[in-house]
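Below is one structure, written out as structure tokens, with a few remarks after it.
Number of protein chains: 4
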Amino acid sequence: MRRGRGGPSEPGIELPDPPEVSFASDNAAGVAPQVMAALASANTPAALAYGDDSWTRDLIAAFRRLFDADVEVLACWGGTGANVVGLASMLEPWQAVICTDQAHIVTDEGGSPTRFIGSMLLAEPTADGKLDPAAITRRSKWIGSVHHPQPAVVSISQTTEFGTVYTSDEIGVLADAAHAAGMLVHLDGARIANAVAATGDDLITMVRNTGVDVMTFGATKNGAMYGEVVVYLRADLAAAGRFHHKQAAQLPSKMRFVPAQMLALLEDDLWVANAAHANAMARLLADAVDRIEGITVVGTPEANAVFVTAPDDLLDQLARWSFFWRMGDAGLARWMTSFATTPDDVAAFVEGVRLLAGRQL
Amino acid sequence: MRRGRGGPSEPGIELPDPPEVSFASDNAAGVAPQVMAALASANTPAALAYGDDSWTRDLIAAFRRLFDADVEVLACWGGTGANVVGLASMLEPWQAVICTDQAHIVTDEGGSPTRFIGSMLLAEPTADGKLDPAAITRRSKWIGSVHHPQPAVVSISQTTEFGTVYTSDEIGVLADAAHAAGMLVHLDGARIANAVAATGDDLITMVRNTGVDVMTFGATKNGAMYGEVVVYLRADLAAAGRFHHKQAAQLPSKMRFVPAQMLALLEDDLWVANAAHANAMARLLADAVDRIEGITVVGTPEANAVFVTAPDDLLDQLARWSFFWRMGDAGLARWMTSFATTPDDVAAFVEGVRLLAGRQL
Amino acid sequence: MRRGRGGPSEPGIELPDPPEVSFASDNAAGVAPQVMAALASANTPAALAYGDDSWTRDLIAAFRRLFDADVEVLACWGGTGANVVGLASMLEPWQAVICTDQAHIVTDEGGSPTRFIGSMLLAEPTADGKLDPAAITRRSKWIGSVHHPQPAVVSISQTTEFGTVYTSDEIGVLADAAHAAGMLVHLDGARIANAVAATGDDLITMVRNTGVDVMTFGATKNGAMYGEVVVYLRADLAAAGRFHHKQAAQLPSKMRFVPAQMLALLEDDLWVANAAHANAMARLLADAVDRIEGITVVGTPEANAVFVTAPDDLLDQLARWSFFWRMGDAGLARWMTSFATTPDDVAAFVEGVRLLAGRQL
Amino acid sequence: MRRGRGGPSEPGIELPDPPEVSFASDNAAGVAPQVMAALASANTPAALAYGDDSWTRDLIAAFRRLFDADVEVLACWGGTGANVVGLASMLEPWQAVICTDQAHIVTDEGGSPTRFIGSMLLAEPTADGKLDPAAITRRSKWIGSVHHPQPAVVSISQTTEFGTVYTSDEIGVLADAAHAAGMLVHLDGARIANAVAATGDDLITMVRNTGVDVMTFGATKNGAMYGEVVVYLRADLAAAGRFHHKQAAQLPSKMRFVPAQMLALLEDDLWVANAAHANAMARLLADAVDRIEGITVVGTPEANAVFVTAPDDLLDQLARWSFFWRMGDAGLARWMTSFATTPDDVAAFVEGVRLLAGRQL
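Residue numbers (the working numbering), protein chains in the order written: chain P, 2 to 362; chain F, 2 to 362; chain Y, 2 to 362; chain Z, 2 to 362.
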């Protein structure tokens, strides 16, 4: 991605071209060729709007096979919208959500779920992006008293915002605690494919059998142009969900183009292959930069995010050359790979890191 | 559109194939070929998300030329979302909207604007889809008293939900009344292209000079796959608008694909040509069915909607053959044309009407 | 009420003192002496807050006797709050309310129910303040389609905002239509006492047996200092209602003082006696002013409101002397009586009307 | 307060009567005699509703004297409502609030502010109930990015929920940090009187000169029957505040009775004297129980709350005898005193503690 920010010159040093695809986020990539072909193909014949079409019917059937269960699905425009629709379907306006204080719904959706639903997010501290089951027990003591927020949903992200991956057992423990307290479990699966690729567990093992009630199935960060799907394992919640879906302005008019993309990703497990590639590129990147003096990789990448610490001025120079986001704490950066990241992109980025880090010494 | 509902057989009558493209709505069509090509082209090179890309910058420039003014624009996923974002940018939560009781925001957005913004919609009766300026004066008496809803925005649709088209003068009269009462003017332009094509007035004449403050510029019903743009003539309102945009889950992640579509529609005024074609097909249809006994065309189509009255059982049979929506009153139906409607589609539909109406006699 | 606006002098005419208690509204009166005594009495002994007290328990028992049913009750601060709590308990955020366009929740609560609940109010035209059952049938066609607002509650006011009184039969017809369409019935009983006094029907006949599901039982306009009670005939709705009650900031801290007032009003049917007196004063006023040339009483007062038409300048002069509210239409005014209105007040007001009307001729 | 829970018998021990006034909360007390007299007095003459009365005008004048500034005031029903109105007046729906995770608005208002306003509460950990100014700086980095919640208000409680008291200097430091970041300062003064009594600083020093923009002036916990006042130091915010006030259902109908109570409390600084008495009773209680083995007083009471740690089963037995609230952590209890707590109440309570603690040894 040579456009936008970045560029080849830093005073006193000759930098190579930045990588074609940015490491800023997995949504800086374009669209997988199979998805683009599916969009073109779905243009004919004409079809009625709002889901009264064969692609939508095929999508429902495909997800039921994927989960081996009578799930309901609602296709949404994007990830924030899908989280809003899913959570709204699980909550009364007077109920609240337990999640980590690093959850995407807390830090990166601009307050959208709270604005639309009216619910408080009870944000728990986390060291690694995972929710501590003890938080569920502690917060559940508030249930029944009108004075306190009423936690009714536990929301977790898979993979987490720290790039870690819950084991299926860990999800099961959280779901058991939630259900024991009368709460439901929501899973923000913007990067669920990366978790499936990383663990080898399928959706039946990781999502259905653990007890997740509603999830966002992400596609945009994994090769789609747009579109995320709310999957209702608790199919009864979809009845009201349909109205939240419309009210949250998440019902696509020319609907067929969303399921057309999803079906392309599901065909021959392209979604898992895309994610496995992204994960492999993250490990390639981590291994390479870990050998560079002045850069420390935080943990071992479990999926497609590499977290590094480095001197702030080095990160500043690097981000000017090839943009990426800084995390809250000083000296911490996140580099993400995607289905579209090539070994050449990794090599180009590593070369830039090496040159700029070398100058620091 | 041979898929979905409808089919060739009605008991005791041999019906032809229904038309390829449904007359149910202009969103039953697919995507214009120029738009599809633009989507493919925008896939490379990679680009940062959320509008930090050259397509978005080009779109802003294009709209500033179109209005010859320093407008701000926010690209949204769909029409309901764009109306929500535009209206939210114009309203405090304690303020209300004046519109007709047939407005899309009242009848066809599932209550989305009210849910998100918290505002009452003060719905005024209308005979032809247009708002009576007297309603503004009458409602404005409530301003300042905490007991009454506080009207602060006048929202009109161009073209209207009844297929009629405001003249620029009519919009100017409404805007003057609104501004005189301290209110702002919102225009739902889901079909603004059809109004421009119908009147020959450009956006400078019809929107900017009349005093519209914020509008939804529609594209989906005119050849786009998805995407509508909120245009802020009152550019200062976009500062808060950006946050409503995010909160309403209307900020596309891989943003570039929305402006890429818009730019394709704006090139060589394709948007006007598409709409002019749709309007011409509506007149062709109206002229043909008006000669069929048992069918009465209501008024003369001003844009791309044909309203007809007919016996309910005839409409039922027709809709089973080629689906369309019934309006509130018994015996009233709406048939819509689009950029993709062909003379052959019109002929096929008229033939079906003729056969089924003939059997009624 | 000699304070506030008004005064004895109009140019060229010698006006008497305005009446002690204003005819502006029944909330311009003070507190009934029995209620004031109950407040003083409830000050000892100390009691835990938020309803964990004997007065609250006694109130529940009293209302169960009044309705001869296991109703649940939630005591609120005021009428708008009680309507908000009751309606919120009956609605999902994506559902809507059918009511008249003159309903207090539409015109006089500043948009509070819509702001808090997110629900559209589908306001139907009315000639006499009563809702036409046909509106329920017509709106019910929208049920099930995500595109349209979803009516789920029918809300009526007893007495109506036009001072008319539904017969119990009329309420039953509306409730049957609502229930047949799967909707619930809400009754805004800010002036329920005046209806009971006017018809002689008790709450069992008028409310329980007709099928009302949730009601606001008004007290403030009938002698209380503050406090209105949401009565849940559908007791199951109170479980969530308790949380709406807290969230709507309608849970009084030193709760006992609200039920203490209610119990004083219920004792020996003081609430009915107070209302019967108010109704009688309205008839006295109507009979007297109807004989004055230039003033026309609209209809016959059914409860405690007198509507009159008169030249605008006469109404202006009268309101300067003793304040009252003008209704929407030119030349229309509303005069209200209360438990505290005395025959002397009526006589004083009539004398002012007579003098000012006489000068008009 | 012998009613309600509690009672003289615990197996194997002879307990005295519990104290007349509960130590559960300062809202378990009744109404100060001066306030009760003011309510009776305000019953005549009649007065127009909604604040068009002389008591309301006198209240505005009194608060302007108190702050020596042209403040605006809106009288509300209760503390949650006053916080909602104040905060809503300071926030756009897309903005957020910084506060501690122990703030009343976070833990004890049932989510009311978030439900009504739509704003996220960014809850910061606190050791002593006070907000760390560093949190303001850290959160302010999010300002301007649509992806992140937008902090716009810093809300603090005086006294805090831990019974501690901010010095005026501490408030000034927080307000300076907030204003430097473009945020406003809200003060929840449900117990502001206790802080004034504890520090000797008046409202000019503690609130106006430190830079607080909007505050809740509490009265209910200090001798009123009901009513709290939103005071706008930033008087311009009251213009929109009036509409939030109505929409939050916090506009009392027979308004005069709220200012009548406030005026009684302000007369001869009764509000400060009441609070000083409550504070003195807390110290008396703390000193006495601190000498009892098995009970540890946490810190030194700064106002009218005594926090103690003790074995859970001892606290359970005590609470059965004379009810009080347990705090989140095991073994922690809060005992509160009020204007109505007598030395005899303290002695009775201490005697119960002594007897039950003695049996533990």
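Virtual Cβ for every residue (Gly too), placed ideally from N, Cα, C.
Does any residue of chain F have a CB that is nearer than 8 angstroms to the CB of Val-215 (chain Z)?
For the purposes of this step, residue 215 (chain Z) is taken as the residue at position 214 of the fourth sequence. By this cut-off, Val-215 (chain Z) is not an interface position.
Return the chain-ordered list of same chain residues with a C-beta closer than 6 angstroms to the C-beta of Gly-5 (chain F), the five sequence neighbours on each side being excluded.
For the purposes of this step, residue 5 (chain F) is taken as the residue at position 4 of the second sequence. Any reading at Gly-5 (chain F) is ruled out, since the residue's pLDDT is 36, under 50, leaving its predicted position unreliable.
Check distances from the C-beta atoms of the stretch 230 to 257 of chain P to those of chain Y and list, in chain order, the residues that come in under 8 angstroms.
Taking 8 angstroms as the Cβ-Cβ cut-off against chain Y, the residues of the stretch 230 to 257 of chain P that qualify are Ala-241, Arg-243, Phe-244, His-245, His-246, Lys-247, Gln-248, Leu-252.
Per DSSP, which one or two residues make a beta bridge with Thr-343 (chain Z)?
As a working mapping, residue 343 (chain Z) is identified with position 342 in the fourth sequence. Thr-343 (chain Z) pairs with nothing; no bridge assigned.
Looking at the unbroken beta strand (DSSP E) that takes in Leu-122 (chain F), where does it start and where does it end?
Numbered from its first residue, the second sequence carries residue 122 (chain F) at position 121. Per DSSP, the continuous beta strand (DSSP E) segment holding Leu-122 (chain F) begins and ends at 122 to 125.
So what's Phe-308 (chain Z) in DSSP terms, helix, strand or just coil?
As a working mapping, residue 308 (chain Z) is identified with position 307 in the fourth sequence. It is a strand residue.
Output, in sequence order along the chain, the residues in the stretch 49 to 65 of chain Z whose CB is closer than 7 angstroms to any CB in chain Y.
Under the 7 angstroms Cβ criterion, the stretch 49 to 65 of chain Z contributes Leu-49, Ala-50, Asp-53, Asp-54, Ser-55.
So is Lys-255 (chain Y) buried or exposed if we call it buried at 16+ other beta carbons inside 10 Å?
For the purposes of this step, residue 255 (chain Y) is taken as the residue at position 254 of the third sequence. By the 10 Å Cβ count, Lys-255 (chain Y) comes out buried.
What in chain P is Cβ-close to Val-86 (chain Z), meaning under 8 angstroms?
Walking along the fourth sequence from the start, residue 86 (chain Z) turns up at place 85. The premise fails here: Val-86 (chain Z) is roughly 17 angstroms from chain P at the closest Cβ pair, so nothing lies under 8 angstroms.
May I ask you to report which of helix, strand or coil DSSP gives Gln-318 (chain Z)?
Here residue 318 (chain Z) corresponds to residue number 317 of the fourth sequence, with the count starting at 1. Three-state DSSP puts Gln-318 (chain Z) in a helix.
Any C-beta of chain Y under 8 angstroms from that of Gly-82 (chain Z)
Within the fourth sequence, the letter at position 81 stands for residue 82 (chain Z). Residue contact check for Gly-82 (chain Z) against chain Y: a CB pair falls below 8 angstroms.
Name the DSSP bridge partner or partners of Tyr-363 (chain F)?
The structure shown does not extend to residue 363 (chain F), since chain F spans only 2 to 362, so no value can be given for it.
Counted within 10 angstroms of its Cβ, other Cβ atoms place Glu-15 (chain F) as buried (16 or more) or exposed
As a first step, residue 15 (chain F) is located in the second sequence; it is residue number 14 there, counting from the start. When all chains shown are included, Glu-15 (chain F) counts as exposed.
Tell me, to the nearest whole angstrom, how far the beta carbon of Pro-114 (chain Z) is from that of Ile-106 (chain Z); I am working on the premise that it is less than 8 angstroms.
Here the question's residue 114 (chain Z) lines up with position 113 in the fourth sequence. Here the question's residue 106 (chain Z) lines up with position 105 in the fourth sequence. Right, their Cβ atoms sit about 5 angstroms apart.
Starting from the C-beta of Ser-26 (chain Y), find all residues in its chain whose C-beta is less than 6 angstroms away, skip the five residues before and the five after it, and write them out in chain order.
Walking along the third sequence from the start, residue 26 (chain Y) turns up at place 25. Met-337, listed in sequence order.
Does Thr-310 (chain F) get closer than 8 angstroms to chain P when you measure Cβ to Cβ?
For the purposes of this step, residue 310 (chain F) is taken as residue 309 along the second sequence, with counting starting at 1. Under the Cβ distance rule, Thr-310 (chain F) does not count among the residues neighbouring chain P, no pair being separated by less than 8 angstroms.
DSSP has Trp-336 (chain Y) in a bridge; who is on the other side?
Within the third sequence, residue 336 (chain Y) is the residue found at index 335, counting from 1. Trp-336 (chain Y) is bridged to Y:Val-307.
If contacts are defined as beta-carbon pairs under 8 angstroms, then Ala-374 (chain P) and Arg-257 (chain P) qualify, I think. What distance do you get, rounded to the angstrom?
One cannot answer for residue 374 (chain P) here, as it falls past the ends of chain P, which runs 2 to 362.
Could I get the ranges of all uninterrupted beta strand (DSSP E) runs contained in the stretch 25 to 89 of chain Y, with 3 residues as the minimum, in chain order?
Taken in chain order, the complete beta strand (DSSP E) segments of 3 residues or longer contained in the stretch 25 to 89 of chain Y are 73 to 77.
Residue-chain proximity (Thr-138 (chain F), chain Y), Cβ-Cβ < 8 angstroms:
Here the question's residue 138 (chain F) lines up with position 137 in the second sequence. No, because no Cβ of chain Y sits closer than 8 angstroms to the Cβ of Thr-138 (chain F).
What is the DSSP secondary structure of Gly-119 (chain Z), reduced to helix, strand or coil?
Position 118 of the fourth sequence, counting from 1, holds the residue named residue 119 (chain Z). In the structure shown, Gly-119 (chain Z) sits in coil (DSSP, three-state: anything other than H, G, I, E or B).
Proximity of Ala-363 (chain Z) and Val-36 (chain Z) at Cβ, strictly below 8 angstroms:
The displayed coordinates of chain Z run from 2 to 362. Any statement about residue 363 (chain Z) would go beyond what the structure contains.
For a cutoff of 8 angstroms on Cβ pairs, would you count Pro-94 (chain Z) as touching chain F?
Stepping through the fourth sequence from its first residue, residue 94 (chain Z) is reached at position 93. For Pro-94 (chain Z), the answer is yes, since a Cβ of chain F falls inside 8 angstroms of its Cβ.
Since Gly-112 (chain F) meets chain Y, which of its residues come closer than 9 angstroms, beta carbon to beta carbon?
Numbered from its first residue, the second sequence carries residue 112 (chain F) at position 111. One finds Pro-94, Trp-95, Gln-96, Ala-97, Gly-119, Ser-120, Met-121, His-149, Pro-150, Gln-151 in chain Y with Cβ atoms closer than 9 angstroms to the Cβ of Gly-112 (chain F), taken in chain order.
On the criterion of 16 or more Cβ atoms from any shown chain inside 10 Å, does Glu-268 (chain F) qualify as buried, or is it exposed?
By 1-based counting over the second sequence, the position of residue 268 (chain F) is 267. Classification of Glu-268 (chain F): exposed, given that the 10 Å Cβ count is below 16.
Taking only the alpha-carbon atoms, compute the straight-line gap between Ala-179 (chain Y) and Ala-76 (chain F) and give it to the nearest angstrom.
Indexing the third sequence from 1 puts residue 179 (chain Y) at position 178. Indexing the second sequence from 1 puts residue 76 (chain F) at position 75. So the two alpha carbons sit approximately 41 angstroms from each other.
If you measure between the beta carbons of Phe-117 (chain P) and Phe-163 (chain F), is that distance less than 8 angstroms?
Along the first sequence, read from residue 1 onward, the residue named residue 117 (chain P) stands at position 116. Along the second sequence, read from residue 1 onward, the residue named residue 163 (chain F) stands at position 162. No; because the gap between Cβ atoms is not below 8 angstroms, this pair is not in contact.
Which same chain residues end up closer than 8 angstroms to Ala-39 (chain Z) when comparing Cβ atoms and leaving out the 5 residues on each side of it in sequence?
By 1-based counting over the fourth sequence, the position of residue 39 (chain Z) is 38. Leaving aside the five residues that flank Ala-39 (chain Z) on each side, the residues in its chain whose CB is nearer than 8 angstroms to its CB run, in chain order, Ala-261, Gln-262, Leu-264, Ala-265.
Kindly indicate which three-state DSSP category Val-98 (chain P) falls into: helix, strand or coil?
For the purposes of this step, residue 98 (chain P) is identified with residue 97 of the first sequence, where counting begins at 1. Secondary structure of Val-98 (chain P) (DSSP, three-state): strand.
Whether Gly-219 (chain Y) touches Ala-194 (chain Y) by CB criterion (8 angstroms)
Taking the first residue of the third sequence as position 1, residue 219 (chain Y) is located at position 218. Taking the first residue of the third sequence as position 1, residue 194 (chain Y) is located at position 193. Cβ distance < 8 angstroms, so Gly-219 (chain Y) and Ala-194 (chain Y) count as in contact.
CB-CB under 8 angstroms to Asp-133 (chain Z), same chain, minus the five flanking residues each way: which ones, in chain order?
By 1-based counting over the fourth sequence, the position of residue 133 (chain Z) is 132. Cβ within range, chain order: Glu-125, Thr-127.
Beta-carbon proximity of Ala-97 (chain Z) to Met-121 (chain Z), cut-off 8 angstroms:
As a first step, residue 97 (chain Z) is located in the fourth sequence; it is residue number 96 there, counting from the start. As a first step, residue 121 (chain Z) is located in the fourth sequence; it is residue number 120 there, counting from the start. Contact flag set, yes.
In or out: Gln-251 (chain F) buried (at least 16 other Cβ within 10 Å) or exposed?
Reading the second sequence from its first residue, position 250 is the one you call residue 251 (chain F). Buried, because 16 or more other Cβ atoms sit within 10 Å of the Cβ of Gln-251 (chain F).
Can the beta-carbon of Trp-78 (chain Y) be found closer than 8 angstroms to that of Tyr-227 (chain Y)?
Residue numbering aside, residue 78 (chain Y) sits at position 77 when the third sequence is read from its first letter. Residue numbering aside, residue 227 (chain Y) sits at position 226 when the third sequence is read from its first letter. With respect to Tyr-227 (chain Y), Trp-78 (chain Y) sits close: the two C-beta atoms are nearer than 8 angstroms.
Quick test of the definition: if touching needs 3 or more C-beta pairs under 8 angstroms, does the stretch 131 to 148 of chain F touch the stretch 277 to 286 of chain Z?
Proximity of the stretch 131 to 148 of chain F to the stretch 277 to 286 of chain Z falls short of the contact definition, fewer than three beta-carbon pairs being nearer than 8 angstroms.
Between the alpha carbons of Gly-353 (chain F) and Ala-63 (chain F), how many angstroms are there, rounded?
Counting from one through the second sequence, the residue named residue 353 (chain F) turns up at place 352. Counting from one through the second sequence, the residue named residue 63 (chain F) turns up at place 62. A straight line joining the alpha-carbon of Gly-353 (chain F) with that of Ala-63 (chain F) spans about 43 angstroms.
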